[in-house]
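Trainee: Starting off with a structure, shown below.
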């Protein structure tokens with residue numbers, strides 16, 4: 037049996053655990069909810085854009101011919117461009133480059149089709165708080181939140197260590213709501229602990245790796261970034277060549293053959309071409325090795341002759357590359373197939389519930405100070421973000437199928453819809469007097485917004501559940517998932533509405549104020565905190 041903590045240690049760890057959860061919890065909630073959805077990013081990419089649902093012809097046309105077609109139609113040759121070939125034999129290639137500081141993305145059709153849907157990309161970027169308007173600073177905030185989550189997890193384990201086995205299975209839904217919240221927080225927290233540690237650590241790793249490595253470059257390697265890359269990765273991508281003179285180089289198809297000779301089984305995901313048509317040109321081919329787990333690879337070739345300049349692949353990596361490959365694969369669930377991603381999605385939802393119940397426990401412990409502005413604000417923000425984020429995501433899906441497909445402003449309008457819907461839900465929560473009823477109403481609203489989406493999707497695609505054309509598994513799966521989610525949200529709203537109709541059985545804070553305290557809260561809290569782990 038674990039040794040019981042001293043009162044001072046328990047109080048200190050509990051305060052750290054609680055304050056970290058309250059300060060960063062709502063943003064972490066948004067990150068985990070959007071991250072859980074982003075696990076199915078590939079399926080959403082196929083569902084949202086009809087061009088990705090047609091059979092690809094790139095194998096007959098060729099990579100170089102596709103690139104030449106895209107550049108000719110664009111009327112420009114940028115210094116650097118990215119060509120994304122179709123995946124799994126479906127869709128058309130996509131050309132990406134920057135012009136006068138603006139991101140330009142086009143589907144290589146005749147004529148070029150501008151990128152017209154970014155729902156999957158938006159949710160993926162929301163997961164790490166990135167947006168082109170805010171830039172990198174919110175991305176670093178996401179990294180700090182991952183570190184804070186690690187701290188909250190560590191202190192949570194310490195304060196509950198002696199009872200952690202019991203808290204793995206102790207769930208008493210027949211008790212009062214105070215006990216219910218406490219049990220939910222502990223059971224879901226303990227069951228999801230490996231998942232939460234994994235994602236908190238790997239998330240912080242991604243954000244801060246680029247900042248920490250240069251710290252060691254100067255003292256260890258004399259500031260030589262290229263050498264640092266070579267030592268750590270086994271390949272250097274730090275030294276970019278200066279612009280050269282016009283020269284004829286190999287085709288992309290020939291470069292792919294050279295890359296596969298260096299990294300057998302390479303499945304290309306993106307071609308990055310710098311200084312196209314010049315003797316200083318390079319081609320980076322990024323992808324995975326077929327049949328090898330955690331095998332993200334990058335091969336850099338010289339454009340004029342296809343010589344391999346650097347290779348970052350399994351069996352050829354430096355001291356850090358293999359670690360990165362595994363961390364990346366674990367974080368993005370690049371193993372285990374759709375079954376594992378469904379499990380990860382369920383764990384992400386459990387983490388969201390853990391965060392919300394943590395806020396309710398915090399508020400319950402402060403019943404005596406429920407009239408304080410800070411406590412009232414937290415109670416209402418918990419509703420506003422907890423249910424409001426679900427409403428905003430549902431609204432995003434709805435407008436993505438409702439707006440005209442070829443409307444040039446649809447991407448911006450979709451993103452504005454998300455933020456406006458979230459802002460309105462937060463404002464609604466701040467103005468509402470009954471938080472419990474607001475949960476029911478907002479969850480019900482989210483379900484109603486999602487309900488017509490699969491039917492609306494048939495306007496642009498015949499491959500879905502209600503479409504008239506040949507079915508595609510990914511498109512049908514997303515339609516079915518949306519219908520099931522809408523039904524679950526409506527059922528949850530109905531169940532909550534029934535529960536809060538009985539005052540003695542209310543499960544959520546009401547009237548915008550914290551609920552009655554837990555049995556071990558209230559007066560004399562500090563002196564009795566050590567009894568908290570006993571329910």
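Residue numbers (this note's numbering): 37 to 571.
From the three backbone atoms N, C-alpha and C, an ideal C-beta is built for every residue, glycine too.
Ordered along the chain, which non-local residues of its own chain (more than five positions away) have a Cβ less than 7 Å from that of residue 490?
Mentor: The answer, listed in chain order, is 500, 501, 502, 515, 518 and 519.
Trainee: In chain order, what residues of the same chain lie with their CB nearer than 6 Å to the CB of residue 77, ignoring the 5 residues before and after it?
Mentor: Here the set comprises 156 and 160.
Trainee: So what does DSSP say about residue 413, is it helix, strand or coil?
Mentor: Here residue 413 sits in helix by DSSP.
Trainee: What's the C-alpha gap between residue 386 and residue 106?
Mentor: If you take the alpha carbons of residue 386 and residue 106, they lie about 45 Å apart.
Trainee: What did DSSP end up calling residue 79 once you bin it into helix, strand or coil?
Mentor: Of the three classes helix, strand and coil, the one that applies to residue 79 here is helix, per DSSP.
Trainee: Can you name the start and end residues of the beta strand (DSSP E) that residue 362 belongs to?
Mentor: Segment 357-367 is the alpha helix (DSSP H) holding residue 362; no beta strand (DSSP E) there.
Trainee: Scan the segment 118-202 and note each continuous alpha helix (DSSP H) run of 4 residues or more that stays entirely inside, going in chain order.
Mentor: Runs of the alpha helix (DSSP H) inside the segment 118-202: 155-163 and 173-196.
Trainee: Could you give the residue range of the beta strand (DSSP E) that holds residue 497?
Mentor: No beta strand (DSSP E) contains residue 497, which DSSP labels as neither H nor E.
Trainee: Could you give the DSSP three-state label for residue 466: helix, strand or coil?
Mentor: DSSP places residue 466 in helix when its eight states are reduced to three.
Trainee: Do residue 365 and residue 329 have their beta-carbon atoms positioned less than 8 Å apart in this structure?
Mentor: Cβ distance < 8 Å, so residue 329 and residue 365 count as in contact.
Trainee: What three-state label does DSSP hand residue 351 in the structure shown?
Mentor: Reduced to three states, the DSSP call for residue 351 is coil.
Trainee: Compute the Euclidean distance between the alpha carbons of residue 85 and residue 178, then round it to the nearest angstrom.
Mentor: One C-alpha to the other measures close to 29 Å.
Trainee: Output yes or no for whether 8 Å exceeds the beta carbon distance between residue 87 and residue 381.
Mentor: No; because the gap between Cβ atoms is not below 8 Å, this pair is not in contact.
Trainee: With hydrogens ignored, establish whether the beta-carbon of residue 457 is closer than 7 Å to any heavy atom of the ligand PLP.
Mentor: Judged by which ligands are present, the structure shown has none, so any question about the ligand PLP falls away.
Trainee: Is it right to say residue 293 is buried, meaning 16 or more other beta carbons lie within 10 angstroms of its own, or is it exposed?
Mentor: By the 10 Å Cβ count, residue 293 comes out exposed.
Trainee: If you follow the alpha helix (DSSP H) that residue 294 is in, where does it begin and where does it stop?
Mentor: Residue 294 -> alpha helix (DSSP H) spans 288-298.
Trainee: Can you tell which of 262, 82, 60 and 172 has its C-alpha closest to the C-alpha of residue 185?
Mentor: Minimum Cα distance to residue 185 is reached at 60.
Trainee: Determine the direct distance from the alpha carbon of residue 137 to that of residue 343, and round the result to whole angstroms.
Mentor: Answer to the nearest angstrom: the Cα atoms are 31 Å apart.
Trainee: Going by alpha carbons, who is nearest to residue 523 out of 437, 481, 511 and 508?
Mentor: When each option's Cα is compared against that of residue 523, the closest is 481.
Trainee: My assumption, with CB atoms under 8 Å, is that residue 311 sits in contact with residue 280. Please give the rounded CB distance.
Mentor: Sure, about 7 Å apart at Cβ, within 8 Å.
Trainee: Would you check if there are 3 or more beta carbon pairs closer than 8 Å linking the segment 62-75 to the segment 421-431?
Mentor: Verdict: yes, contact present.
Trainee: Kindly indicate which three-state DSSP category residue 113 falls into: helix, strand or coil?
Mentor: In the structure shown, residue 113 sits in coil (DSSP, three-state: anything other than H, G, I, E or B).
Trainee: Give a yes or no on contact between the segment 313-330 and the segment 283-292, applying the rule of three or more CB pairs nearer than 8 Å.
Mentor: The segment 313-330 is in contact with the segment 283-292.
Trainee: Can you grab the Cα-Cα spacing for the pair residue 206 / residue 513, in whole Å?
Mentor: Distance between the alpha carbons of residue 206 and residue 513: 35 Å.
Trainee: Where residue 128 and residue 79 are concerned, what is the direct C-alpha to C-alpha distance, given to the nearest angstrom?
Mentor: Going from the Cα of residue 128 to the Cα of residue 79 covers about 16 Å.
Trainee: Taking all protein chains shown into account, decide if residue 562 is buried (16 or more other Cβ within 10 angstroms of its Cβ) or exposed.
Mentor: Only weak support is given to the placement of residue 562: the predicted model assigns it a pLDDT of 35, under 50, and the value that follows is read from those uncertain coordinates. That one is exposed.
Trainee: Check this for me: beta carbons of residue 286 and residue 341, under 8 Å apart or not?
Mentor: In this structure, residue 341 lies closer than 8 Å to residue 286 by Cβ.
Trainee: What are the boundary residues of the beta strand (DSSP E) that residue 320 is part of?
Mentor: Where residue 320 is concerned, the enclosing beta strand (DSSP E) stretches over 318-325.
Trainee: So for residue 310, helix, strand or coil by DSSP?
Mentor: Strand, per DSSP.
Trainee: Would residue 532 pass as a contact of residue 464 if the rule is Cβ separation under 8 Å?
Mentor: Taking 8 Å as the Cβ cut-off, residue 532 and residue 464 do not qualify as a contacting pair.
Trainee: According to DSSP, what are the bridge partners of residue 337?
Mentor: Partner(s): 319 and 344.
Trainee: Can the beta-carbon of residue 103 be found closer than 8 Å to that of residue 126?
Mentor: For residue 103 and residue 126, no; Cβs fall outside 8 Å.
Trainee: By the 10 Å Cβ neighbour count, where 16 or more other Cβ atoms means buried, how is residue 121 classified, buried or exposed?
Mentor: With 16 or more Cβ atoms within 10 Å of its Cβ, residue 121 is classed as buried.
Trainee: What span of residues does the alpha helix (DSSP H) with residue 96 cover, start to end?
Mentor: Start and end: 94-97.
Trainee: For residue 146, which residues in the same chain have their Cβ closer than 8 Å to its Cβ, ignoring the five residues on either side in sequence?
Mentor: Taken in chain order, the residues that qualify are 105 and 109.
Trainee: Taking only three categories from DSSP, how would you classify residue 329?
Mentor: If DSSP states are grouped into helix, strand and coil, residue 329 belongs with coil.
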